[in-house]
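What the sequence shown shows, in UniProt numbering, is residues 5 to 420, in sequence order. Structure, as structure tokens:
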Amino acid sequence: LVPPSPVLPAPVRPDPLGVLGVPGEINLDHAASAPCARAAADAVAGLLPWYASVHRGAGALSRRCTLAYERARQTVGDFLGARPDDHVIFTRNTTDALNLLARALPPGTTVITFGGEHHANLLPWPRGSVRLPVPDSPAGAVRSLAAALGELARDARPGLPVLVAVTGAGNVTGECWPVAELARIAHRHGARILVDAAQLAPHAPVDLAALDVDYVALSGHKLYAPFGAGVLAGRADWLDAAPPYLAGGGATSHVGAATHEVRWTVGPARHEAGTPNLLGAVALAAVCAALGETDRQALHVREQALLTRLRRGLATLPDVVELRTFGPDAPRVGIVSFVVAGRDSGEVAAHLASRHRIGVRDGLFCAHPLTRRLLAEAAARTGRTDLPPTALRASLGLGTTETQVDALLTALSHLP
Ligand code: PMP
5 LVPPSPVLPA PVRPDPLGVL GVPGEINLDH AASAPCARAA ADAVAGLLPW YASVHRGAGA
65 LSRRCTLAYE RARQTVGDFL GARPDDHVIF TRNTTDALNL LARALPPGTT VITFGGEHHA
125 NLLPWPRGSV RLPVPDSPAG AVRSLAAALG ELARDARPGL PVLVAVTGAG NVTGECWPVA
185 ELARIAHRHG ARILVDAAQL APHAPVDLAA LDVDYVALSG HKLYAPFGAG VLAGRADWLD
245 AAPPYLAGGG ATSHVGAATH EVRWTVGPAR HEAGTPNLLG AVALAAVCAA LGETDRQALH
305 VREQALLTRL RRGLATLPDV VELRTFGPDA PRVGIVSFVV AGRDSGEVAA HLASRHRIGV
365 RDGLFCAHPL TRRLLAEAAA RTGRTDLPPT ALRASLGLGT TETQVDALLT ALSHLP
């Protein structure tokens with residue numbers, strides 16, 4: 005076995021955005037965390053000499069850092085098509101953003117999700133939320149949501165707020181959800197809609213105004229920025245009326261001597277108490293700006309070609325079974341989950357890593373209800389009784405090459 009090298013060689017730049025990589029290491033796990041873009045690394049390096057307090061100090065360094073932070077907010081807002089009545093709030097990641105929104109819901113809000121969501125978009129929502137069954141097609145999702153909203157309107161809770169929370173692209177299969185149609189249905193029933201764009205944003209433009217959605221959440225570390233910065237962007241009214249997500253400095257406009265005498269500020273700062281993650285915000289904004297200047301359609305075409313190569317190759321391997329929610333031809337981003345019949349997925353992943361230096365993910369992908377269901381569906385579809393209880397996932401990114409895809413296929417075709 006080849007142990008992982010303790011000394012990493014110098015990174016290379018194999019793609020138009022300058023996404024960093026390590027020669028010899030085949031990273032096919034972009035859906036978990038993507039490597040860092042050159043633009044993000046440069047933005048951080050450029051700011052390090054200026055490192056000073058944000059929103060606090062009067063010094064030149066501090067004022068520059070405050071400006072950089074607020075400019076980053078503007079850039080991220082532009083990237084996400086934020087409207088004048090939207091806030092752009094920096095969070096730690098998508099999980100943090102969704103928990104923030106869950107705490108900002110007006111009292112009595114019903115949240116509707118589908119059972120196919122990542123845990124981050126299942127678990128934060130209040131008791132009494134509605135979880136719809138996983139549909140078997142995008143049109144089925146639209147029908148199911150329309151029926152659920154109609155039922156809710158006839159129910160005993162007319163007039164109370166409703167939030168529909170759906171993923172833009174699933175983290176298990178990469179399949180794209182019909183977000184714009186779901187938004188239309190939601191709005192027709194007076195509901196709001198949140199899109200978990202953690203997996204969609206790295207692969208396709210996500211625009212609040214164009215999609216006509218109310219909120220989006222994403223993670224910088226899946227979008228070629230370093231760990232630690234994410235975003236919740238969307239309608240200001242609920243956010244300004246809610247208790248602050250974190251209580252502390254920066255979130256207040258007045259604190260009196262008496263216990264609990266406090267007025268909370270409005271705007272993004274209401275939910276960003278404590279010293280903000282300036283470097284994370286600036287790095288994320290740098291990626292947003294770079295992606296904004298990139299021909300994303302060209303990136304899409306290239307990624308789809310790689311994805312087709314991968315899926316066709318997997319389909320030729322007799323023991324490999326792909327997982328899917330919507331059927332073989334549904335639009336999807338560069339993510340494929342599969343199992344090798346008769347093989348433990350953890351052992352296959354360990355073999356790929358140690359023998360071939362290929363990094364994939366194995367497990368249930370923080371979407372246990374969905375992945376278990378898709379495994380059962382795969383067994384029923386193929387009639388195989390020897391499928392393992394967990395799966396493997398390969399996910400592509402800007403630095404992925406044909407050679408890397410072929411290396412995975414070759415390794416899978418020669419499992420010991
Ligand atoms: N939603 C989806 C669809 C995801 O894929 C992930 C990450 N796997 C999350 C939410 C949570 O993201 P994070 O771990 O960055 O909070």
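Here a beta-carbon is modelled for each residue, glycine too, at the ideal position from N, C-alpha and C. Because the structure is a prediction, the values reported are computed rather than measured.
Given residue i, which residues of its chain have a CB within under 7 angstroms of its CB, disregarding the five upstream and five downstream residues?
i      : result
LEU310 : GLY338, LEU400, THR404, GLU406 and VAL409
ARG60  : SER66
SER417 : LEU321
ARG188 : none
ARG158 : none
GLY252 : ALA277 and GLY278
ALA56  : GLY63, LEU65, SER66 and CYS69
In its own chain, which residues sit with a C-beta less than 8 angstroms from the C-beta of residue i, not counting the 5 before and 5 after it?
i      : result
ASP211 : LEU84 and GLY85
CYS370 : HIS122, HIS123, ALA124 and ASN175
ARG315 : GLU326 and VAL340
GLY260 : VAL266
GLY154 : HIS193
ALA353 : VAL364, ARG365, ASP366 and LEU396
With a cut-off of 8 angstroms on the beta carbons, I'd call residue i and residue j a contact; round off their distance for me.
i      : j      : result
SER349 : LEU378 : Their Cβ separation, rounded to whole angstroms, is 13 angstroms, which puts SER349 and LEU378 out of contact at 8 angstroms.
THR95  : LEU104 : 6 angstroms
THR177 : ARG328 : 5 angstroms
ASP366 : VAL344 : No, ASP366 and VAL344 are not in contact; Cβ-Cβ is about 11 angstroms, not under 8 angstroms.
ARG336 : GLU179 : 5 angstroms
GLY296 : GLU276 : Their Cβ separation, rounded to whole angstroms, is 24 angstroms, which puts GLY296 and GLU276 out of contact at 8 angstroms.
ALA390 : GLY331 : Note that residue 390 corresponds to Asp in the displayed sequence, not to Ala. Contact doesn't hold; Cβ gap of about 24 angstroms is too wide.
LEU318 : LEU402 : Contact flag wrong, Cβ pair sits at about 21 angstroms.
LEU186 : ALA240 : That pair is no contact at about 22 angstroms.
ALA294 : LEU52  : In fact, because the Cβ distance is near 19 angstroms, the residues do not count as touching under 8 angstroms.
Can you name, in chain order, every residue of its own chain whose Cβ lies under 6 angstroms from the Cβ of residue i, other than the five neighbours on each side?
i      : result
VAL48  : LEU283 and ALA287
ALA190 : VAL168 and ILE197
ALA213 : GLY85 and ARG87
LEU5   : Low confidence applies here, because LEU5 scores a pLDDT of 47, under 50, leaving its location unreliable and the question unanswered by this model.
ALA124 : THR98, THR99 and LEU102
VAL183 : GLY172, VAL199 and LEU215
SER37  : HIS225
GLY50  : none
GLY81  : VAL92
PRO373 : GLY119
PHE231 : HIS225
VAL58  : CYS69, THR70, TYR73, PRO280 and LEU282
ALA383 : LEU391
PRO165 : PRO110 and THR113
HIS207 : VAL337
Comparing alpha-carbon positions, which option in the options lies nearest residue i?
i      : options                           : result
GLY120 : ALA151, LEU412, HIS264 and PRO139 : PRO139
ASP242 : ALA56, GLY154, ALA302 and ALA106  : Residue identity check: residue 242 is Trp in the sequence provided, not Asp. It is ALA106 whose Cα lies nearest to the Cα of TRP242.
ALA35  : VAL364, ALA157 and SER417         : VAL364
PRO209 : SER37, ARG376, ASP299 and HIS418  : ASP299
LEU419 : GLY132, ARG306, ALA285 and LEU321 : LEU321
ALA273 : SER257, ALA345 and ALA261         : SER257
VAL220 : ARG75, HIS91, GLU185 and GLY163   : HIS91
ARG135 : SER148, SER141, PRO142 and ALA143 : SER148
ALA205 : GLY234, ASP218 and SER133         : GLY234
THR414 : LEU156, GLY346 and HIS360         : HIS360
ALA76  : VAL305, ALA384, THR394 and ASN281 : ASN281
PRO238 : ALA229, GLN203, VAL217 and GLY232 : It is Gly, not Pro, that sits at residue 238 in the sequence shown. GLY238 has its Cα closest to that of VAL217, out of ALA229, GLN203, VAL217 and GLY232.
GLY194 : ALA152, GLU179, GLY232 and ALA202 : ALA152
GLN203 : TYR228, ARG192, GLU185 and LEU186 : TYR228
ASP33  : THR394, PRO392 and ILE362         : ILE362
GLU74  : GLU155, ALA411, ALA285 and PRO392 : ALA285
ILE30  : LEU356, PRO392 and ARG376         : LEU356
THR394 : LEU368, LEU374 and PRO373         : LEU368
PRO142 : ALA334, ALA383 and ALA380         : ALA334
GLU351 : ARG131, ALA64 and PRO392          : PRO392
Contact between the segment 38–57 and the segment 283–302 (3+ Cβ pairs under 8 angstroms): yes
For the 8 angstroms Cβ check, are there 3 or more pairs between the segment 239–248 and the segment 221–228? Verdict: no, contact absent.
At least three beta-carbon pairs within less than 8 angstroms, the segment 66–81 to the segment 197–206: no
Are the segment 267–276 and the segment 110–120 in contact at 8 angstroms, needing three or more beta carbon pairs? no
Quick one: which unbroken beta strand (DSSP E) runs of 3-plus residues sit fully inside the segment 114–202? Chain order, please. 114–118, 134–136, 166–171 and 196–200
Give the list of continuous beta strand (DSSP E) stretches no shorter than 3 residues that lie fully inside the segment 333–400. 339–344, 365–367 and 395–399
What are the complete beta strand (DSSP E) segments, minimum 3 residues, inside the segment 249–315? 256–259 and 266–268
My parser needs the alpha helix (DSSP H) runs of 4 or more residues fully inside the segment 38–79; what are they? Correct list: 42–51.
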